[in-house]
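*Asks:*
Protein chains in written order, with the numbering used here: chain A, 12 to 124; chain B, 1200 to 1311.
1) What residue range does the beta strand (DSSP E) around residue 1209(B) cover?
2) Is the beta carbon of residue 1242(B) less than 9 angstroms from the beta carbon of residue 1289(B)?
3) What residue range does the beta strand (DSSP E) around residue 61(A) cover?
4) From residue 1308(B) to residue 1220(B), what does the alpha carbon distance come to, in whole angstroms?
5) Quick one: Cα of residue 1294(B) to Cα of residue 34(A), how far?
6) Give the C-beta separation of residue 119(A) and residue 98(A) to the nearest angstrom, bearing in mind that I take them to be a contact with Cβ-Cβ under 8 angstroms.
7) Consult DSSP for residue 1305(B) and reduce its assignment to one of helix, strand or coil.
8) Which residue wins for smallest C-alpha separation from residue 54(A), given the options 1257(B), 1216(B), 1203(B), 1228(B)?
9) Ends of the beta strand (DSSP E) at residue 70(A)?
10) By the DSSP assignment, the beta strand (DSSP E) with residue 25(A) in it spans what residues?
11) Quick check on residue 1275(B): does DSSP put it in helix, strand or coil?
12) Could one say the Cβ of residue 24(A) lies closer than 9 angstroms to chain B's Cβ atoms, at least one of them?
13) Do you know how far the Cα of residue 102(A) is from the Cα of residue 82(A)?
14) Check whether the region 1209-1219 of chain B touches the region 66-80 of chain A, counting contact only when three or more Cβ pairs, one atom from each stretch, lie closer than 8 angstroms.
15) Please tell me whether residue 1224(B) has its Cβ less than 9 angstroms away from any Cβ of chain A.
16) What number of angstroms, rounded off, separates the C-alpha of residue 1311(B) from the C-alpha of residue 1215(B)?
17) Please list the terminal residues of the continuous beta strand (DSSP E) segment that includes residue 118(A).
18) Taking the continuous beta strand (DSSP E) assigned at residue 31(A), which residues delimit it?
19) Thinking C-alpha only, which one of 1260(B), 1238(B), 1233(B) is nearest residue 1267(B)?
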């Protein structure tokens, strides 16, 4: 009964190309979505978020798209860089501050030069 | 500005023992959440502390307990350790006034 699903365990992309990481959720009460990046031996680092009232949010090379009807979000990284190689986690929450984050299992992105 | 600090970084315990993990939140944050990340999995929410009270709890047994101190730092206690408790334990701090979580680097617990 996983509420947040990242169905691709891994993704390999060449430097300079686009990386697209996908995430699906089942709980229609989720209204805030986040992407975190995690390097080995470090804690997750916040990348970008999106509220359910929006369908797109951009921050530099990172763009998150939200399709509420499909309960699907995606993270686009353009252009991809070798330093982007890490595990990416999708997370969701009900409400704003003070609510638990529900994480997916993560997708390992490898960007080759 | 120090971020979230967790101690110790690594720990090895024997099955049946008890363990205490510690977390100091980021400056200005008053809420602390704990997560367990097993190998190959995403972080799973254990519980959250605010104003020294457990405010929200995930699907973890009572063997997992915690505490928050007046300075907002927090402890996670696990009793009667099982082999399955081996994981990376992450602390995340946040502020009630602004959405956003900052994670520490975690404590790697190995139960043998």
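Just so you know, even glycine gets a beta-carbon here, dropped at the ideal spot from N, CA and C.
All values derive from a computational prediction rather than experimental measurement.
*Replies:* For this structure:
1) In the second chain, residue 1209(B) corresponds to position 10, counting from 1. From DSSP, the beta strand (DSSP E) with residue 1209(B) extends over 1209-1212.
2) Numbered from 1 along the second chain, position 43 holds the residue referred to as residue 1242(B). Numbered from 1 along the second chain, position 90 holds the residue referred to as residue 1289(B). Taking 9 angstroms as the Cβ cut-off, residue 1242(B) and residue 1289(B) qualify as a contacting pair.
3) By 1-based counting over the first chain, the position of residue 61(A) is 50. Unbroken beta strand (DSSP E) run through residue 61(A): 56-62.
4) The sequence position of residue 1308(B) within the second chain is 109, counting from 1. The sequence position of residue 1220(B) within the second chain is 21, counting from 1. Rounded to the nearest whole angstrom, the CA to CA distance from residue 1308(B) to residue 1220(B) is 9 angstroms.
5) To locate residue 1294(B), count along the second chain from 1; it is residue 95. To locate residue 34(A), count along the first chain from 1; it is residue 23. Rounded to the nearest angstrom, the two C-alpha atoms are 26 angstroms apart.
6) Translated into positions along the first chain, residue 119(A) becomes position 108. Translated into positions along the first chain, residue 98(A) becomes position 87. At roughly 5 angstroms, the Cβ-Cβ gap stays under 8 angstroms, so residue 119(A) and residue 98(A) are in contact.
7) Along the second chain, read from residue 1 onward, the residue named residue 1305(B) stands at position 106. Here residue 1305(B) carries a coil assignment [DSSP, helix/strand/coil].
8) Against the first chain, residue 54(A) aligns to sequence position 43. Looking from the CA of residue 54(A), the closest CA among 1257(B), 1216(B), 1203(B), 1228(B) belongs to 1203(B).
9) The residue given as residue 70(A) occupies position 59 in the first chain. That run of the beta strand (DSSP E) goes 67-70.
10) Here residue 25(A) refers to the residue found at position 14 of the first chain. Element bounds for residue 25(A): 21-25.
11) As a position in the second chain, residue 1275(B) is number 76, starting the count at 1. Annotated three-state conformation of residue 1275(B) is strand, per DSSP.
12) Taking the first residue of the first chain as 1, we reach residue 24(A) at position 13. By this cut-off, residue 24(A) is not an interface position.
13) Sequence index remark: in the first chain, residue 82(A) carries index 71 (1-based). Sequence index remark: in the first chain, residue 102(A) carries index 91 (1-based). Distance between the alpha carbons of residue 82(A) and residue 102(A) is about 13 angstroms.
14) They do not touch, by the three-pair rule.
15) Position 25 of the second chain, counting from 1, holds the residue named residue 1224(B). Proximity of residue 1224(B) to chain A, defined by a Cβ-Cβ separation below 9 angstroms, is not satisfied.
16) Against the second chain, residue 1311(B) aligns to sequence position 112. Against the second chain, residue 1215(B) aligns to sequence position 16. Rounded to the nearest angstrom, the two C-alpha atoms are 10 angstroms apart.
17) The count along the first chain starts at 1 and reaches residue 118(A) at position 107. Per DSSP, residue 118(A) belongs to the beta strand (DSSP E) from 118-123.
18) Reading the first chain from its first residue, position 20 is the one you call residue 31(A). Run containing residue 31(A): 30-36, per the beta strand (DSSP E) assignment.
19) Taking the first residue of the second chain as 1, we reach residue 1267(B) at position 68. Minimum Cα distance to residue 1267(B) is reached at 1233(B).
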